[in-house]
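**Q** Sharing a structure with you now.
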Amino acid sequence: MKSEFDFIETIRRRYSLSKIGDDSAVLPKNSKADLVMTTDLLIEDIDFRLDWTTPEFLGHKALAVSLSDVAAMGAKPVWAMLSIGIPKAIWKTDFVEKFYDGYFRLAQKFNVEIVGGDISETPDKIVVDSIVAGEAKRNKAVLRSSAKDGDLIFVTGSLGGAAGGLRLLEQNFRYDLSEEIWRKNLMLKQLQPIPQSYNGQFLGEQNLATSIIDLSDGLSSDLAHLCRASKVGAKIFADKIPINKNLCGLTKSFDEKLNFALNGGEDFELLFTINPKKKIRFENELKNHNFSHIGETTANAEIIELILDGRSSVLEPKGFRHF
Ligand code: ADP
Ligand code: MG
Numbered sequence: 004m005k006s007e008f009d010f011i012e013t014i015r016r017r018y019s020l021s022k023i024g025d026d027s028a029v030l031p032k033n034s035k036a037d038l039v040m041t042t043d044l045l046i047e048d049i050d051f052r053l054d055w056t057t058p059e060f061l062g063h064k065a066l067a068v069s070l071s072d073v074a075a076m077g078a079k080p081v082w083a084m085l086s087i088g089i090p091k092a093i094w095k096t097d098f099v100e101k102f103y104d105g106y107f108r109l110a111q112k113f114n115v116e117i118v119g120g121d122i123s124e125t126p127d128k129i130v131v132d133s134i135v136a137g138e139a140k141r142n143k144a145v146l147r148s149s150a151k152d153g154d155l156i157f158v159t160g161s162l163g164g165a166a167g168g169l170r171l172l173e174q175n176f177r178y179d180l181s182e183e184i185w186r187k188n189l190m191l192k193q194l195q196p197i198p199q200s201y202n203g204q205f206l207g208e209q210n211l212a213t214s215i216i217d218l219s220d221g222l223s224s225d226l227a228h229l230c231r232a233s234k235v236g237a238k239i240f241a242d243k244i245p246i247n248k249n250l251c252g253l254t255k256s257f258d259e260k261l262n263f264a265l266n267g268g269e270d271f272e273l274l275f276t277i278n279p280k281k282k283i284r285f286e287n288e289l290k291n292h293n294f295s296h297i298g299e300t301t302a303n304a305e306i307i308e309l310i311l312d313g314r315s316s317v318l319e320p321k322g323f324r325h326f
């Protein structure tokens with residue numbers, strides 16, 4: 004069966020669609036600015052389950068995933084559209100109002116204006132399509148395809164938490180105020196991810212990153228996307244990966260925690276590269292923003308090496324994919 008990535012690459016080539024392939028499309032706006040634009044689909048029982056989440060969390064996440072793709076361009080989010088398909092039985096409840104509360108609260112936090120959408124009825128399951136548009140200075144949007152070999156690889160925040168939250172939900176834990184704090188933290192990371200909008204804008208405005216991608220599928224897969232687009236390889240160090248500390252509640256095994264961090268999806272942190280010359284100049288900023296230096300890009304195109312206990316092995320992409 005063809006993979007979703009092969010399909011996108013095929014239509015990109017067949018119809019010469021030059022703007023497809025990054026986290027958001029970059030479109031010319033005027034002599035000073037470019038528009039960036041992204042869309043994300045959330046389907047009930049594929050991307051979320053109603054018995055695992057709340058309408059407010061779901062509304063939040065619908066916007067967060069698109070804000071993350073705008074952040075991954077080093078851009079500022081400005082406008083949003085939201086289309087929903089809802090079965091009649093759900094429409095009759097207060098689900099949609101609560102969903103919009105969650106969506107709107109996050110939009111307000113980042114000053115994003117809701118400028119439209121669409122509503123339709125579905126036979127059975129909820130469908131959400133979230134669109135966000137934003138702005139970057141002209142030709143300054145940060146692509147995933149512009150890393151150079153020898154760049155330093157960084158990530159924001161910590162990794163593996165969302166996958167840990169998913170594991171708990173699969174084990175029938177639910178987000179509940181009386182739950183232990185580490186469980187709540189992991190489930191919140193999965194159900195109510197915080198988009199890295201300020202860090203994305205910082206990396207773009209300071210001209211700091213040579214490339215950015217957001218971590219939606221998982222580090223091993225998203226680093227592979229970045230390397231393929233940039234025609235570089237990468238070497239990353241297991242002991243430098245910032246593993247989400249709450250995972251200690253779930254397992255004591257370092258290998259298992261590392262597996263969550265390498266292959267777990269939906270952390271919505273940013274993975275980015277910088278020119279090594281900038282490391283010294285931005286030493287304090289890198290530290291203050293809680294960015295972790297996890298490795299380097301290499302000339303060994305598309306090969307990703309993981310260094311663990313001094314030994315090197317090839318890291319295969321094992322993150323999330325639909326097809
Ligand atoms: P992300 O995980 O960052 O949201 P995706 O993996 O969904 O990105 O998509 C990768 C690229 O392919 C993006 O540029 C996206 O716009 C494009 N893309 C995805 N699905 C389609 C589609 N059905 N038609 C055209 N372009 C698509
Ligand atoms: Mg993305």
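With this note's numbering, letter number 237 in the sequence shown gets 240, and the count goes up by one each step, no holes.
Just so it is clear, CB atoms sit at the ideal spot from N, CA and C, and this is done for glycine as well.
Every value quoted in this text rests on a predicted model; they were computed, and no experiment measured them.
Beta carbon of Q199, beta carbon of F263: below 8 Å?
**A** No. Outside cutoff.
**Q** Excluding the 5 residues flanking G105 on each side, which residues of the same chain have their C-beta closer than 7 Å to its C-beta?
**A** The residues are P58, E59, F60, L61, G62, H63.
**Q** Exposed or buried, what is K290 when buried is set at 16 or more other beta-carbons lying within 10 Å of its beta-carbon?
**A** Looking at its Cβ environment, which holds fewer than 16 other Cβ atoms inside 10 Å, K290 is exposed.
**Q** Quick one: residues with CB closer than 7 Å to any heavy atom of the ligand MG, in chain order, please.
**A** D26, S71, D72, A75, I216, D217, S219
**Q** Can you give the Cα-Cα distance for N142 and T42, rounded to whole angstroms?
**A** 21 Å
**Q** Relative to the C-alpha of K281, which candidate in I239, N210, D242 has its C-alpha closest?
**A** N210
**Q** Taking the C-alpha atoms as reference points, what is the distance between K255 and N33?
**A** 53 Å
**Q** If I measure Cβ to Cβ from S161 and keep anything under 6 Å in the same chain, skipping five residues before and after, which residues do I get?
**A** Setting aside the 5 residues that flank it on each side, S161 is surrounded in the same chain by P245, N247, each with a C-beta closer than 6 Å to its C-beta; the list follows chain order.
**Q** L155 and P279 - do their beta-carbons sit closer together than 8 Å?
**A** Remark: C-beta atoms of P279 and L155 approach each other more closely than 8 Å.
**Q** Can you tell me whether DSSP reads G163 as helix, strand or coil?
**A** The DSSP-derived three-state label of G163 is coil.
**Q** Does the region 80 to 87 touch the region 104 to 119, meaning 3 or more C-beta pairs lie closer than 8 Å?
**A** yes
**Q** Which full runs of the alpha helix (DSSP H) of 4+ residues lie inside the region 207 to 248, going along the chain?
**A** 222 to 233
**Q** When burial is assigned at 16 or more other CB atoms within 10 Å of the CB, is A75 buried or exposed?
**A** buried
**Q** Do G203 and L273 count as a contact pair if the criterion is CB distance below 8 Å?
**A** yes
**Q** Count the C-beta pairs between the region 170 to 185 and the region 223 to 243 that are closer than 8 Å, then say yes if the count reaches three, no if not.
**A** no
**Q** Could you please give the first and the last residue of the uninterrupted beta strand (DSSP E) stretch that includes G120?
**A** 116 to 124
**Q** Say yes only if the C-beta of G298 is nearer than 7 Å to one or more non-hydrogen atoms of the ligand ADP, and no if none qualify.
**A** no
**Q** Could you round the C-beta distance between W185 and N249 to whole angstroms and report it? I think they count as a contact, below 8 Å.
**A** 4 Å
**Q** Could you say which of L191, S233, G221, E259 lies nearest to N303 if we only look at CA atoms?
**A** S233
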